[in-house]
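**Student:**
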Amino acid sequence: MTPELMAQGAKALATHRAAVAKQQDNTESGGHAANYSRMHTPGEVDVTHGRILYLEDVSVSFDGFKAINKLSLDIASGELRCIIGPNGAGKTTMMDIITGKTRPDEGRVFFGSTIDLLRHTEPQIAQLGIGRKFQKPTVFEQLTVFENLELALKTHKGVKASMLFRLDSTQSDRLAEMLHTIHLSANVNAQAGTLSHGQKQWLEIGMLLMQDPKLLLLDEPVAGMTDAETERTAELFLSLKGKHSLMVVEHDMSFIKTISEIVTVLCDGAVLAQGTLDQVQADERVIEVYLGR
Ligand SMILES: Nc1ncnc2c1ncn2[C@@H]1O[C@H](COP(=O)(O)OP(=O)(O)OP(=O)(O)O)[C@@H](O)[C@H]1O
Ligand SMILES: [Mg+2]
Numbered sequence: 014m015t016p017e018l019m020a021q022g023a024k025a026l027a028t029h030r031a032a033v034a035k036q037q038d039n040t041e042s043g044g045h046a047a048n049y050s051r052m053h054t055p056g057e058v059d060v061t062h063g064r065i066l067y068l069e070d071v072s073v074s075f076d077g078f079k080a081i082n083k084l085s086l087d088i089a090s091g092e093l094r095c096i097i098g099p100n101g102a103g104k105t106t107m108m109d110i111i112t113g114k115t116r117p118d119e120g121r122v123f124f125g126s127t128i129d130l131l132r133h134t135e136p137q138i139a140q141l142g143i144g145r146k147f148q149k150p151t152v153f154e155q156l157t158v159f160e161n162l163e164l165a166l167k168t169h170k171g172v173k174a175s176m177l178f179r180l181d182s183t184q185s186d187r188l189a190e191m192l193h194t195i196h197l198s199a200n201v202n203a204q205a206g207t208l209s210h211g212q213k214q215w216l217e218i219g220m221l222l223m224q225d226p227k228l229l230l231l232d233e234p235v236a237g238m239t240d241a242e243t244e245r246t247a248e249l250f251l252s253l254k255g256k257h258s259l260m261v262v263e264h265d266m267s268f269i270k271t272i273s274e275i276v277t278v279l280c281d282g283a284v285l286a287q288g289t290l291d292q293v294q295a296d297e298r299v300i301e302v303y304l305g306r
């Protein structure tokens, strides 16, 4: 997506909003149309033209080695995008760039059509609504499942607010719902350290979800899981689709087959192929560099 396209999208959005404002006497703002032309409101991601993430011509080198090489990619709002590719293709590095951990040498990275992620720090990007799950589970082993989820709510509020923090009834309901979603209702009082590897992964995903991220990046979420855990994780991700946008990096092809719509194949830091899993698996270039190994 180029800035020109984004400008067009913003223009179309302004026209659309003006038309909607005309139709509605009672808008949320009490009928005021004054804000309809604004480009970006803090806390909001402008996805009116359907895209939550854009990367354009992004490159990064480590000691002269181009780990990401003119990578362009975009993801629809509510989409569950799968990313595959051989070891060293640049999948994790791409996530590092999106989350602000690594700064690219060149290119553009936008969250919605108005938020330039390259102008934000790693904590700011998390606050904007991009959650990230690293491969290794990072839960607080000494705390219970409940306390881990509660902590996720607290830390999102900032230090001062978290000291005064008490769960209100809405939050208690949300926490109970989350326990159900991540299949840990029966383990609510168990110490996180006693959970299986798969359960720890679910708990961490639950902690991320408590912060209601708009975009969730998951790096090899089912690595090390049992078949049953992998199946449940597939169900979980499918249930998140639409409510959140997800980018899932995985090597497990049967998992990808279960959850995927569009699959992007990365190789040598760029997109090699994109389409359904069947389409990319039939692509000669993909077979050569990746699946044929
Ligand atoms: N901080 C760094 N310093 C130097 N080289 C790096 C750094 N981060 C990544 N690389 C290199 O960049 C390339 C891409 O690595 P990356 O971890 O992104 O691949 P990947 O697609 O996630 O691979 P895998 O499937 O094995 O996880 C690799 O050759 C890696 O060694
Ligand atoms: Mg990786």
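Here the working numbering is used: the first residue of the sequence shown is 14, the next is one more, and so on. Don't be surprised by glycine CBs; every beta carbon is placed ideally from N, CA and C.
1. What is the rounded straight-line gap between the Cα of L249 and the Cα of E135?
2. Between which two residues does the beta strand (DSSP E) containing R64 stretch?
3. Just verifying my parser: in three-state terms, what is the DSSP assignment at M223?
4. With a 10 Å radius around its C-beta and 16 neighbouring C-beta atoms as the bar for buried, classify N200 as buried or exposed.
5. According to DSSP, is D265 part of a helix, a strand, or is it coil?
6. List in chain order the residues whose CB is within less than 5 Å of at least one heavy atom of ligand 1.
7. With H, G and I counted as helix, E and B as strand and the rest as coil, what does DSSP make of R298?
8. Using only alpha-carbon positions, find the residue among L253, L251, L290 that is nearest to S267.
9. Please classify L251: is it buried, with 16 or more other beta-carbons within 10 angstroms of its beta-carbon, or exposed?
10. Just mark K104 as buried or exposed, buried being the case when its beta carbon has 16 or more other beta carbons within 10 Å.
11. Look at the alpha carbon of E160 and the alpha carbon of K146, and state the distance between them as a whole number of angstroms.
12. Take A165 and list the residues in its own chain whose beta-carbon comes closer than 7 Å to its own, dropping the five residues that flank it on each side.
13. Would T61 pass as an interface residue toward chain D - the criterion being a Cβ-Cβ separation below 8 Å?
14. For A286, report the span of its alpha helix (DSSP H) as first-last.
15. Taking only three categories from DSSP, how would you classify L93?
16. Kindly examine ligand 2 and report whether one of its heavy atoms sits closer than 7 Å to the Cβ of D265.
17. How close, in whole Å, do the beta carbons of L229 and L259 come, if the pair is a contact with beta carbons under 8 Å?
18. In angstroms with no decimal places, state the Cα-to-Cα distance between P234 and S90.
19. Check the DSSP bridge columns for E119 and list the partner residues they point to.
20. Can you tell me where the beta strand (DSSP E) with D1 in it begins and where it stops?
21. Roughly how many angstroms lie between the CA atoms of R245 and S85, to the nearest whole one?
22. Taking 7 Å as the cut-off, is the beta-carbon of D11 closer than that to any non-hydrogen atom of ligand 2?
**Tutor:** From the atom records:
1. 27 Å
2. 64-75
3. helix
4. buried
5. coil
6. F75, A80, N100, G101, A102, G103, K104, T105, T106
7. helix
8. L290
9. exposed
10. buried
11. 19 Å
12. M220, M223, Q224
13. Checking the listed chains, one finds no chain D in this structure; it contains a single protein chain.
14. No alpha helix (DSSP H) holds A286; the beta strand (DSSP E) holding it covers 283-288.
15. strand
16. no
17. 5 Å
18. 21 Å
19. S72
20. Examination of residue 1 is not possible in this model, given that the chain is present from 14 through 306 alone.
21. 32 Å
22. An answer regarding residue 11 cannot be provided, because it is not within the stretch 14 to 306 covered by the chain.
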